[in-house]
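Colleague: One structure, pasted below without further comment.
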Amino acid sequence: MVSEIIHPGPSLQLTPEQEQIRQLAREFAQNEIAPIAAEFDERGEFPLATVRKMGQMGFMGIEVPEEYGGAGLDSLAYVLAMIEISKADASHGTIMSVNNSLFCYALQRFGSEDQKQRFLRPVASGEAIAAYSLTEPMSGSDAGTMRSRAARDGELYVINGRKSWVSSGPVAKYILLFTMTEPERKQRGVTAFLIETDRPGFSVGKLEPKLGIRASATCEILFEDYRCPIANRLGEPGEGFKIALHALDAGRIGIAAQALGIAEAAYEASLSYARQREAFGQPIGEFQGIGFKLADMKTRIEASRLLIYQAALAKQAAKLSGEPFTLEASMAKLFASETANFCTNNAVQIHGGMGYSKELPVERYFRDAKITEIYEGTSEIQRLVISRQELGLR
1259 MVSEIIHPGP SLQLTPEQEQ IRQLAREFAQ NEIAPIAAEF DERGEFPLAT VRKMGQMGFM
1319 GIEVPEEYGG AGLDSLAYVL AMIEISKADA SHGTIMSVNN SLFCYALQRF GSEDQKQRFL
1379 RPVASGEAIA AYSLTEPMSG SDAGTMRSRA ARDGELYVIN GRKSWVSSGP VAKYILLFTM
1439 TEPERKQRGV TAFLIETDRP GFSVGKLEPK LGIRASATCE ILFEDYRCPI ANRLGEPGEG
1499 FKIALHALDA GRIGIAAQAL GIAEAAYEAS LSYARQREAF GQPIGEFQGI GFKLADMKTR
1559 IEASRLLIYQ AALAKQAAKL SGEPFTLEAS MAKLFASETA NFCTNNAVQI HGGMGYSKEL
1619 PVERYFRDAK ITEIYEGTSE IQRLVISRQE LGLR
């Protein structure tokens, strides 16, 4: 069934709380993240100190109720903060999105009270960093082909296998893992587990040498007879793929917000450069070729913003109604991610040779933007989701 679109309208007004967290995120991002972003990107080093501060400020569990260590704010407040953090540095945005959208959202929705106390509280408060692990070397969008296994052994599950592309994996204290318990059932045989990374049988594999978001640590993780208590199973056996999809819906809104932050940063840098850089006796922004690029960038940015706000409002409404927000999330993620790539590509072009130099941040924006079209479901997958939703297919 196609979900109903929520139209915020042109008169959407932010609440004082929403304005406050946006301003708080903006000031923190520009004062503490932006000055170190290039250095941490160059070294590919996880920015632990600023991530800890983000936790102390409530950015790592924005929608989690205060009783579980979060800020207790709404979905729109979350995307407003994500945009500002990602505008300064997309790597910080990735870390924040994994914590909020993938781990906290899934645990808040499907976790038991005991699991929320043990796992949600430390992650939402920023005491611990979390990760989400669905992908394998030979299993991406097709989760039914995953090769990792969890076998029941009394009150334990014994887990073996290799997972890949785990954002925050090298530093995570807890990981939301999806693995096979009934391979013959394919997607319906996937089960979710809350992994404590300090237990025997868990290890970090190779670190990924990435094009962009280089300061957000990404790795393979390995399980060799890892013994997971049944109390750490999230949901019932075979519910893992359903839980993964719900988390990805939330995650896609976070990545859309990240993409918008990258696009805004690229646009603002281009606007400033077009005003200052002169050629043939006038600012280059006065040339139609540059002006039209800026016009297209700005228009796509504002269209992305409305799609993201719409998705955030649908997600917020779903907390009461239980209605899916899959369509809104996929549309926002698709359009915003392609907008980020459009804007960063044009930003490099507007800056000319300087856009290709590491002396300015636009080349980093260009590298960071590409991943938004890939993770949390590629643009091709988003188009598949949107079309199937509209056609009423499952």
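The numbering used here numbers the first residue of the sequence shown as 1259 and each following residue consecutively.
Cβ atoms here follow ideal geometry from the backbone N, Cα and C, with glycine treated the same way.
(1) Determine the direct distance from the alpha carbon of R1535 to that of Y1390, and round the result to whole angstroms.
(2) Assuming A1475 and F1298 make a contact with CB atoms under 8 Å, what is their CB distance in whole Å?
(3) For G1498 versus A1430, is the C-beta spacing smaller than 8 Å?
(4) Kindly indicate which three-state DSSP category F1624 falls into: helix, strand or coil?
(5) Taking the beta strand (DSSP E) that T1437 belongs to, which residues open and close that run?
(6) My understanding is that I1488 touches T1455, with C-beta atoms under 8 Å, so please give their C-beta distance in whole angstroms.
(7) Based on Cα-Cα distance, which residue from D1626, M1396, F1538, A1572 lies nearest to L1469?
(8) Flag this pair as yes or no: are the beta carbons of A1283 and A1339 separated by less than 8 Å?
(9) Would you kindly work out how many angstroms separate the C-alpha atoms of A1435 and L1392, rounded to a whole number?
(10) Note down the Cα distance separating G1328 from L1564, rounded to an integer number of angstroms.
(11) Quick one: any contact between the stretch 1614-1633 and the stretch 1554-1562, if contact means 3 or more CB pairs under 8 Å?
(12) In this structure, does DSSP put D1411 in helix, strand or coil?
(13) So K1464 is in the beta strand (DSSP E); what residue range does that whole segment cover?
(14) Taking Cβ positions, are A1587 and I1511 nearer each other than 8 Å?
(15) Can at least three beta-carbon pairs, one atom from the stretch 1510-1529 and one from the stretch 1595-1607, be found at a separation below 8 Å?
(16) Could you give the residue range of the alpha helix (DSSP H) that holds F1481?
(17) Pairs of beta-carbons, one from the stretch 1316-1336 and one from the stretch 1366-1382, closer than 8 Å: are there three or more?
(18) Which value, in whole angstroms, describes the spacing of the CA atoms of F1583 and A1561?
(19) When the Cα atoms are used, what is the spatial distance from P1395 to L1465?
(20) Have a look at R1622, E1581, F1545, I1644 and flag the residue whose alpha-carbon is nearest the alpha-carbon of A1590.
(21) Does the separation of the CB atoms of E1371 and L1506 fall below 8 Å?
(22) Hey, how far is the Cα of F1361 from the Cα of A1572?
(23) L1503: which of E1342, K1628, G1610, V1448 sits nearest, CA to CA?
(24) Mind checking whether E1321 and D1332 have CB atoms under 8 Å apart?
Modeller: Quick answer:
(1) As a position in the sequence shown, residue 1390 is number 132, starting the count at 1. As a position in the sequence shown, residue 1535 is number 277, starting the count at 1. So the two alpha carbons sit approximately 44 Å from each other.
(2) Residue 1475 sits at position 217 when you count from the first residue of the sequence shown. Residue 1298 sits at position 40 when you count from the first residue of the sequence shown. Not a contact, Cβ separation roughly 11 Å.
(3) As a position in the sequence shown, residue 1498 is number 240, starting the count at 1. As a position in the sequence shown, residue 1430 is number 172, starting the count at 1. Taking 8 Å as the Cβ cut-off, G1498 and A1430 do not qualify as a contacting pair.
(4) If you number the sequence shown from 1, residue 1624 lands on position 366. In the structure shown, F1624 sits in a helix (DSSP, three-state: H, G or I).
(5) Here residue 1437 refers to the residue found at position 179 when the sequence shown is read from its first residue. Unbroken beta strand (DSSP E) run through T1437: 1432-1438.
(6) Locating residue 1488 in the sequence shown gives position 230, counting from the first residue. Locating residue 1455 in the sequence shown gives position 197, counting from the first residue. About 18 Å; that fails the 8 Å criterion.
(7) The residue you call residue 1469 lines up with position 211 of the sequence shown. Closest option to L1469, Cα to Cα, is D1626.
(8) Numbered from its first residue, the sequence shown carries residue 1283 at position 25. Numbered from its first residue, the sequence shown carries residue 1339 at position 81. Yes, the pair counts as a contact, with Cβ atoms nearer than the cut-off.
(9) Numbered from its first residue, the sequence shown carries residue 1435 at position 177. Numbered from its first residue, the sequence shown carries residue 1392 at position 134. This sequence places Leu at residue 1435; Ala is not what is there. Spanning the two alpha carbons is a distance of roughly 6 Å.
(10) Translated into the one-based positions of the sequence shown, residue 1328 becomes position 70. Translated into the one-based positions of the sequence shown, residue 1564 becomes position 306. Cα to Cα, the separation comes out at about 26 Å.
(11) no
(12) Counted from its first residue, the sequence shown places residue 1411 at position 153. D1411 falls in the strand class under three-state DSSP.
(13) As a working note, residue 1464 is residue 206 in the sequence shown. That run of the beta strand (DSSP E) goes 1460-1465.
(14) The residue given as residue 1587 occupies position 329 in the sequence shown. The residue given as residue 1511 occupies position 253 in the sequence shown. Cβ distance < 8 Å, so A1587 and I1511 count as in contact.
(15) yes
(16) Walking along the sequence shown from the start, residue 1481 turns up at place 223. F1481 -> not in any alpha helix (DSSP H); beta strand (DSSP E) instead, spanning 1476-1487.
(17) yes
(18) The residue given as residue 1583 occupies position 325 in the sequence shown. The residue given as residue 1561 occupies position 303 in the sequence shown. When rounded, the distance between both Cα atoms is 18 Å.
(19) Along the sequence shown, read from residue 1 onward, the residue named residue 1395 stands at position 137. Along the sequence shown, read from residue 1 onward, the residue named residue 1465 stands at position 207. Each residue's alpha carbon lies about 13 Å from the other.
(20) Here residue 1590 is taken as the residue at index 332 of the sequence shown, counted from 1. For A1590, the nearest C-alpha among the options comes from I1644.
(21) In the sequence shown, counting from the first residue as 1, residue 1371 sits at position 113. In the sequence shown, counting from the first residue as 1, residue 1506 sits at position 248. It is not a contact, given that the beta carbons lie outside the stated cut-off.
(22) Looking up residue 1361 in the sequence shown gives position 103. Looking up residue 1572 in the sequence shown gives position 314. Whole-angstrom Cα-Cα distance: 19 Å.
(23) Position 245 of the sequence shown holds residue 1503. Here the closest residue by C-alpha is V1448.
(24) Looking up residue 1321 in the sequence shown gives position 63. Looking up residue 1332 in the sequence shown gives position 74. Contact flag set, yes.
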